[in-house]
């Protein structure tokens, strides 16, 4: 059920008319204490997201009608640009790098003791990974903002890995067409289809808590869904902004 709010692009009742959607959520890292509020604006073939990265305010605009992605720094009045094909190529390269790292790790592990294997996995960032699907167990109800939600614990080998609190799609008033723009941006992932079947039964998670060794490490909290027209200017580069390289975007 991870990435479930993105997975919603495969959900809903397609016969209902499209409407612009604004979604606000908060992500909290309990280990670092960092808390980040993000806003996503969706309008047919356009997406805008706003958040902060290491104290810097960023906005990104995806324009499927122009096949372009803009990354914006409002404080500097600068932006960088890449095509959707370039973005997907970066995603593919990241996946290829991870696969290569895994292959290298497995080769190294053949010649190590169990203790050395554990240390090496941790060093490579693959410690504790397990692809066994979570089994969700219903655990009553709770209140998140204005919604009454149903709690499910995601278990693996008797350990709680995730806790979600879900609300029916009909209660939230969101449908598949609301997420049409995200569907056009996202790469096809068979895992989404499996997750969608689970979410169709359980509802959309307005709160997701990830656990490690029995401790909550992150919380993702949906604050609001708003069906209202998003001004067209929200999906344009503001006048007077200067185009820079991607490296220039992150420079102080």
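Residue numbers (mature numbering (1 follows the signal peptide of the UniProt record, and there is no 0)): -19 to -1, 1 to 233. Backbone N, C-alpha and C fix where the C-beta goes; we use that ideal spot for every residue, glycine too. All values derive from a computational prediction rather than experimental measurement.
Mark residue i as exposed unless 16 or more other C-beta atoms lie within 10 angstroms of its C-beta, in which case mark it buried.
i, result
"residue 129", "exposed"
"residue 91", "exposed"
"residue 227", "exposed"
"residue 104", "exposed"
"residue 159", "buried"
"residue 212", "exposed"
"residue 149", "exposed"
"residue 81", "exposed"
"residue 247", "Here the chain comprises residues numbered -19 to 233, so residue 247 is not present and cannot be evaluated."
"residue 78", "exposed"
"residue 87", "exposed"
"residue 188", "buried"
"residue 179", "buried"
I need the boundaries of the alpha helix (DSSP H) containing residue i, first residue and last residue.
i, result
"residue 75", "65 to 90"
"residue 135", "Counting along the chain, residue 135 falls outside any alpha helix (DSSP H), though it belongs to the beta strand (DSSP E) covering 128 to 137."
"residue 227", "227 to 231"
Need the endpoints of the beta strand (DSSP E) that residue i sits in, please.
i, result
"residue 202", "196 to 207"
"residue 150", "Premise fails: residue 150 lies in the alpha helix (DSSP H), 150 to 153, not in any beta strand (DSSP E)."
"residue 123", "116 to 125"
"residue 222", "Here residue 222 belongs to no beta strand (DSSP E), and DSSP marks it neither H nor E."
"residue 185", "185 to 193"
"residue 8", "2 to 10"
CB-CB under 6 Å to residue i, same chain, minus the five flanking residues each way: which ones, in chain order?
i, result
"residue 20", "5 and 31"
"residue 190", "144, 197 and 200"
"residue 205", "5"
"residue 131", "122 and 147"
Which partner residues of residue i appear in the DSSP bridge assignment?
i, result
"residue 244", "With the chain running from -19 to 233 in the structure shown, residue 244 is simply not present."
"residue 46", "None, per the DSSP bridge assignment."
"residue 54", "59"
"residue 147", "131 and 186"
CB-CB under 7 Å to residue i, same chain, minus the five flanking residues each way: which ones, in chain order?
i, result
"residue 44", "27 and 216"
"residue 127", "none"
"residue 55", "38 and 40"
"residue 12", "198"
Tell me which same chain residues have a C-beta within less than 8 Å of the C-beta of residue i, skipping the five on either side of it?
i, result
"residue 172", "Confidence is the limiting factor: at residue 172 the pLDDT is only 48, short of 50, which leaves the residue's position unreliable and the question unanswerable from this model."
"residue 136", "115, 116, 117, 118 and 142"
Could one say the Cβ of residue i lies closer than 7 Å to chain D's Cβ atoms, at least one of them?
i, result
"residue 211", "Note that chain D does not occur in the displayed structure, where there is just one protein chain."
Next item on the list: Check whether the stretch 130 to 149 touches the stretch 221 to 230, counting contact only when three or more Cβ pairs, one atom from each stretch, lie closer than 8 Å.
Entry: Remark: fewer than three beta-carbon pairs, one from each stretch, lie closer than 8 Å, so the stretch 130 to 149 and the stretch 221 to 230 are not flagged as touching.
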